[in-house]
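Colleague:
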Amino acid sequence: MALNLTHQTGAAAIAATPAPGARASVFAAASPAAAAAAGSVVAPAQAASLRVQAQMVEPAQPQAPDMFQAMAPDQQQQGEAAHPDAGGEEARKVGVPVFVMMPLDTVRKDGSALNRRKAVQASLAALKSAGAAGIMVDVWWGIAESEGPGQYNFAGYIELMEMAKKAGLKVQAVMSFHQCGGNVGDSVNIPLPKWVTEEMDKDQDLAYTDRCGRRNYEYISLGADTLPALKGRSPVQCYADFMRAFRDHMAPYMGNTICEIQVGMGPAGELRYPSYPESNGTWSFPGIGEFQCYDRYMRASLKAAAEAVGRPEWGNAGPEDSGSYNQWPEDTGFFRREGGWNTDYGQFFMSWYSQMLVEHGERILSACSSVFTGTPGVKVSVKVAGIHWHYGTRSHAPELTAGYYNTRNHDGYLPIARMIGRHGAVLNFTCVEMRNHEQPQDAQCMPEALVSQVANAAKEAGVGLAGENALPRYDETAHDQVLATAAEKAEEDRMVAFTYLRMGPDLFQPDNWRRFAAFVKRMTETGVRDVSREQVEREAQGVAHATQGVVQEAAVALCN
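To convert, take the position in the sequence shown, counting from 1, and add 376; that gives our numbering.
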């Protein structure tokens with residue numbers, strides 16, 4: 377039952393007449409036929425009983441059509457670029473450009489300068505020599521606005537942009553409005569700004585909350601998106617102000633060095649709920665996670681949504697039988713094969729829970745578009761999590777708790793892709809390097825099927841698809857999988873970019889570096905020239921030999 381839910385954050389739902397140009401958010405299909413047209417699974421009797429209400433949703437701002445310049449090394453030197461259209465398509469003369477994620481602690485916690493400046497300089501030179509298009513870096517809210525509301529310090533990031541510019545590399549800048557620490561791969565701790573966490577301490581319902589009352593400070597609850605809870609500003613206003621300050625401070629680099637803004641929308645920068653937090657041993661793979669809808673703002677919205685469909689008893693709380701973080705689907709009444717997820721109540725709850733997430737994304741992308749529209753050469757992207765465990769079950773429980781209403785009967789990614797497409801943004805997806813047989817089969821992990829589903833959703837929505845590897849991998853097996861998924865396809869089905877996880881001492885080990893250089897060549901030259909793998913390996917060996925000195929320097933400096 378794919379419902380667009382009318383709600384008002386933290387208050388009862390109010391029906392409204394949309395202003396001219398505003399998009400109506402419809403609470404429910406007016407008829408079974410309409411629901412079926414939207415891909416819904418709705419019982420006819422239930423669909424007939426649902427009332428239709430409208431909610432004001434700001435119209436999407438037009439998005440700048442220019443994107444990161446995906447260029448081969450010789451094109452970069454000549455300053456030639458090919459820009460894709462609003463859907464992320466592009467008349468490329470290259471295959472898939474490869475970016476490399478910088479270390480999480482690239483900038484000092486006080487924001488004043490780079491950590492390990494010598495290592496960064498050597499690393500950028502090495503990446504350029506290997507043919508990488510550029511780098512990705514987290515611009516931490518907890519660093520750049522740590523001193524107080526509206527007090528921005530981007531000095532360390534400006535230093536990085538200047539170094540990238542001199543190296544001839546592009547930059548994907550991530551607006552990281554989440555905490556670093558407590559997720560897979562987090563090696564450092566960077567909390568939200570202190571003035572933000574102080575407000576969360578005063579009103580703990582600003583934090584995502586599970587059924588047992590555990591508060592999660594990774595990211596502010598989307599239930600509070602529009603509330604003036606942060607020194608008179610709402611979270612969305614704070615995000616918009618931060619992005620505007622970044623744009624203004626980085627004006628000399630926007631569109632020439634900075635080619636992409638990836639806007640964070642949740643934990644780990646992903647559009648999702650913090651349903652599987654690793655901190656303090658709360659969750660471990662492959663647990664199903666828990667719903668995060670128990671702060672008072674989320675509960676008020678749920679209550680209003682239930683009353684709107686004439687079932688107020690559905691608005692008291694989330695499913696009572698959905699289990700705990702580390703259980704498996706069949707351990708629970710809600711997620712088991714014929715469980716509550718597939719009842720009228722389950723469809724109502726999942727439609728509300730997932731729609732809240734989509735509308736959160738809509739609000740932030742509208743704010744982002746208002747900041748970056750009119751900035752040529754800069755593309756916006758949104759990261760979606762690759763939750764591949766228990767994908768082979770009917771309920772897809774871990775995806776449901778994360779906010780993706782994706783089951784055997786319901787496509788959870790197409791609504792997200794369409795929302796992203798309304799703003800001309802790119803959908804960035806993880807776990808591109810994974811193969812099904814490498815994962816625990818008893819947990820019915822199916823990363824390849826998941827990536828394929830998301831790729832199909834992006835294609836149908838007309839949005840560009842970019843990829844990342846979920847875990848650090850330096851082996852040829854992972855590289856081959858990325859190539860098969862991202863590059864070795866018809867041109868219209870290739871990913872628009874791939875970001876490699878992550879720069880560090882391991883990447884610059886001799887064998888890993890040689891394999892990486894070969895990987896970059898194969899990715900960027902797919903569809904450009906027809907050469908044997910042996911020739912690519914010989915060329916990569918030449919790159920490794922030529923960059924031996926700078927790579928050794930980078931590896932040593934990164935260890936210090």
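Think of the CB as a built atom: it goes at the ideal place given N, C-alpha and C, for glycine as much as any other residue.
Can you check which of these residues, Gly918, Ala894, Ala676 and Val919, is closest to serine 908 by C-alpha distance?
Modeller: Your numbering for residue 908 matches position 532 in the sequence shown. Among Gly918, Ala894, Ala676 and Val919, the Cα nearest to that of serine 908 is on Ala894.
Colleague: Does DSSP put valine 721 in a helix, a strand or coil?
Modeller: Stepping through the sequence shown from its first residue, residue 721 is reached at position 345. First, the amino acid is wrong: residue 721 is tyrosine here, not valine. Tyrosine 721 falls in the helix class under three-state DSSP.
Colleague: Taking threonine 783 as part of the alpha helix (DSSP H), name the residues at either end of that continuous run.
Modeller: Numbered from 1 along the sequence shown, position 407 holds the residue referred to as residue 783. Premise fails: threonine 783 is in no alpha helix (DSSP H) and is neither H nor E.
Colleague: Taking the alpha-carbon positions, what's the phenylalanine 884 to serine 563 distance?
Modeller: By 1-based counting over the sequence shown, the position of residue 884 is 508. By 1-based counting over the sequence shown, the position of residue 563 is 187. So the two alpha carbons sit approximately 18 Å from each other.
Colleague: Taking just the CA atoms, how far does asparagine 592 sit from cysteine 669?
Modeller: For the purposes of this step, residue 669 is identified with residue 293 of the sequence shown, where counting begins at 1. For the purposes of this step, residue 592 is identified with residue 216 of the sequence shown, where counting begins at 1. When rounded, the distance between both Cα atoms is 11 Å.
Colleague: Run through DSSP, which three-state label would alanine 846 get?
Modeller: Within the sequence shown, numbered from 1, the residue matching residue 846 stands at position 470. Reduced to three states, the DSSP call for alanine 846 is coil.
Colleague: From which residue to which residue does the beta strand (DSSP E) around arginine 914 run?
Modeller: Your numbering for residue 914 matches position 538 in the sequence shown. Careful: arginine 914 lies outside any beta strand (DSSP E), inside the alpha helix (DSSP H) at 909–922.
Colleague: Sorted by chain position, which residues of the same chain lie with C-beta nearer than 6 Å to arginine 609's C-beta, five sequence neighbours on each side aside?
Modeller: Position 233 of the sequence shown, counting from 1, holds the residue named residue 609. None.
Colleague: So, with DSSP's three-state summary, where would you put valine 758?
Modeller: As a working mapping, residue 758 is identified with position 382 in the sequence shown. Valine 758: strand per DSSP, three-state reduction.
Colleague: Does DSSP classify threonine 861 as helix, strand or coil?
Modeller: Start at 1 with the first residue of the sequence shown, and residue 861 comes out as number 485. In the structure shown, threonine 861 sits in a helix (DSSP, three-state: H, G or I).
Colleague: Could you give the C-beta distance for valine 808 and valine 839, rounded to a whole number, given that I count them as a contact under 8 Å?
Modeller: Translated into positions along the sequence shown, residue 808 becomes position 432. Translated into positions along the sequence shown, residue 839 becomes position 463. The Cβ separation is near 16 Å, so there is no contact.
Colleague: Who are the near neighbours of aspartate 697 in its chain, counting only those whose CB is closer than 7 Å to its CB and skipping five residues on each side?
Modeller: Against the sequence shown, residue 697 aligns to sequence position 321. Around aspartate 697: Thr708, Gly709, Phe710 and Gly716.
Colleague: In whole angstroms, what is the alpha-carbon distance linking threonine 769 and aspartate 671?
Modeller: One-based indexing of the sequence shown puts residue 769 at position 393. One-based indexing of the sequence shown puts residue 671 at position 295. Distance between the alpha carbons of threonine 769 and aspartate 671: 29 Å.
Colleague: Given a cut-off of 8 Å, decide if alanine 916 and lysine 897 are closer than it, judged by their beta-carbon atoms.
Modeller: Residue 897 sits at position 521 when you count from the first residue of the sequence shown. Residue 916 sits at position 540 when you count from the first residue of the sequence shown. Yes, the pair counts as a contact, with Cβ atoms nearer than the cut-off.
Colleague: For the alpha helix (DSSP H) that contains isoleucine 534, what are its first and last residues?
Modeller: Here residue 534 refers to the residue found at position 158 of the sequence shown. That run of the alpha helix (DSSP H) goes 531–543.
Colleague: Write down the C-beta distance between alanine 805 and valine 760 rounded to the nearest angstrom, noting that I regard them as a contact closer than 8 Å.
Modeller: Residue 805 sits at position 429 when you count from the first residue of the sequence shown. Residue 760 sits at position 384 when you count from the first residue of the sequence shown. Strictly speaking, residue 805 in this sequence is phenylalanine, with alanine absent from that position. Between valine 760 and phenylalanine 805 the Cβ distance is about 5 Å, and since that is below 8 Å, they are a contact.
Colleague: Could you check if leucine 733 belongs to the surroundings of the ligand MN, using beta carbon to heavy atom distance under 7 Å?
Modeller: The ligand MN is not part of this structure, which contains no ligands at all.
Colleague: Between the beta-carbon of proline 848 and the beta-carbon of leucine 803, is there less than 8 Å?
Modeller: Here residue 848 refers to the residue found at position 472 of the sequence shown. Here residue 803 refers to the residue found at position 427 of the sequence shown. The answer is no: Cβ separation not under 8 Å.
Colleague: What's the gap between the Cα of glutamate 929 and the Cα of alanine 863?
Modeller: Here the question's residue 929 lines up with position 553 in the sequence shown. Here the question's residue 863 lines up with position 487 in the sequence shown. Between glutamate 929 and alanine 863, the C-alpha separation is close to 31 Å.
Colleague: Helix, strand or coil: which one does DSSP assign to tryptophan 659?
Modeller: Taking the sequence shown and counting its residues from 1, the one referred to as residue 659 is at position 283. Note: tryptophan 659 maps to coil in three-state DSSP.
Colleague: So what does DSSP say about arginine 675, is it helix, strand or coil?
Modeller: Locating residue 675 in the sequence shown gives position 299, where the first residue counts as 1. Residue state, collapsed to three classes: helix.
Colleague: Would you call the CB atoms of alanine 531 and serine 488 closer than 8 Å?
Modeller: Numbered from 1 along the sequence shown, position 155 holds the residue referred to as residue 531. Numbered from 1 along the sequence shown, position 112 holds the residue referred to as residue 488. The answer is yes: Cβ separation under 8 Å.
Colleague: Let me check one thing: in DSSP terms, what residues is lysine 546 bridge-paired to?
Modeller: Taking the first residue of the sequence shown as position 1, residue 546 is located at position 170. Looking at the DSSP assignment, lysine 546 forms a beta bridge with Gly510.
Colleague: CB alanine 842 to CB serine 727, shorter than 8 Å?
Modeller: Position 466 of the sequence shown holds residue 842. Position 351 of the sequence shown holds residue 727. Cβ atoms of alanine 842 and serine 727: not closer than 8 Å.
Colleague: List the DSSP bridge partners of isoleucine 596.
Modeller: Locating residue 596 in the sequence shown gives position 220, where the first residue counts as 1. The partner list for isoleucine 596 (beta bridge, DSSP) reads Ala583.
Colleague: Would a C-beta distance cut-off of 8 Å place arginine 870 and glycine 526 closer than the cut-off?
Modeller: Residue numbering aside, residue 870 sits at position 494 when the sequence shown is read from its first letter. Residue numbering aside, residue 526 sits at position 150 when the sequence shown is read from its first letter. In this structure, glycine 526 does not lie closer than 8 Å to arginine 870 by Cβ.
Colleague: According to DSSP, is alanine 831 helix, strand or coil?
Modeller: Residue 831 sits at position 455 when you count from the first residue of the sequence shown. It is helical.
Colleague: Measure from the alpha carbon of methionine 539 to the alpha carbon of each residue in Asp514, Gly510 and Val550, then state which is nearest.
Modeller: On the sequence shown, residue 539 is found 163 positions in, with the first residue counted as 1. Ranking the options by Cα distance to methionine 539, first place goes to Gly510.
Colleague: Within 8 Å (strictly less), CB to CB, does tyrosine 533 reach chain B?
Modeller: Reference to chain B is not applicable here, since this structure consists of a single protein chain.
Colleague: Is it buried or exposed for alanine 778, if we count other Cβ within 10 angstroms and need 16 for buried?
Modeller: Within the sequence shown, the letter at position 402 stands for residue 778. The residue in question, alanine 778, is buried, as its Cβ has 16 or more Cβ neighbours within 10 Å.
Colleague: Does DSSP put asparagine 936 in a helix, in a strand, or in coil?
Modeller: Here residue 936 corresponds to residue number 560 of the sequence shown, with the count starting at 1. Looking at asparagine 936 - three-state DSSP - the assignment turns out to be coil, as it is neither helix nor strand.
Colleague: Taking only three categories from DSSP, how would you classify valine 734?
Modeller: As a first step, residue 734 must be located in the sequence shown, where it is residue number 358. Three-state DSSP puts valine 734 in a helix.
Colleague: Which same chain residues, not among the five before or five after isoleucine 519, have their C-beta less than 7 Å away from its C-beta?
Modeller: The residue given as residue 519 occupies position 143 in the sequence shown. Contacts found: Val483, Lys485, Gly487 and Ile566.
Colleague: Going by DSSP in three states, arginine 591 sits in which element: helix, strand or coil?
Modeller: Within the sequence shown, the letter at position 215 stands for residue 591. Looking at arginine 591 - three-state DSSP - the assignment turns out to be strand.
Colleague: Would you grab the beta carbon distance between alanine 837 and lysine 494 for me? Rounded to a whole angstrom, and I think it's under 8 Å.
Modeller: By 1-based counting over the sequence shown, the position of residue 837 is 461. By 1-based counting over the sequence shown, the position of residue 494 is 118. Not a contact, Cβ separation roughly 44 Å.
Colleague: To which residues of the same chain is tyrosine 721 closer than 7 Å at the C-beta, ignoring the five residues directly before and after it?
Modeller: On the sequence shown, residue 721 is found 345 positions in, with the first residue counted as 1. Within the same chain, tyrosine 721 has close Cβ partners Trp690.
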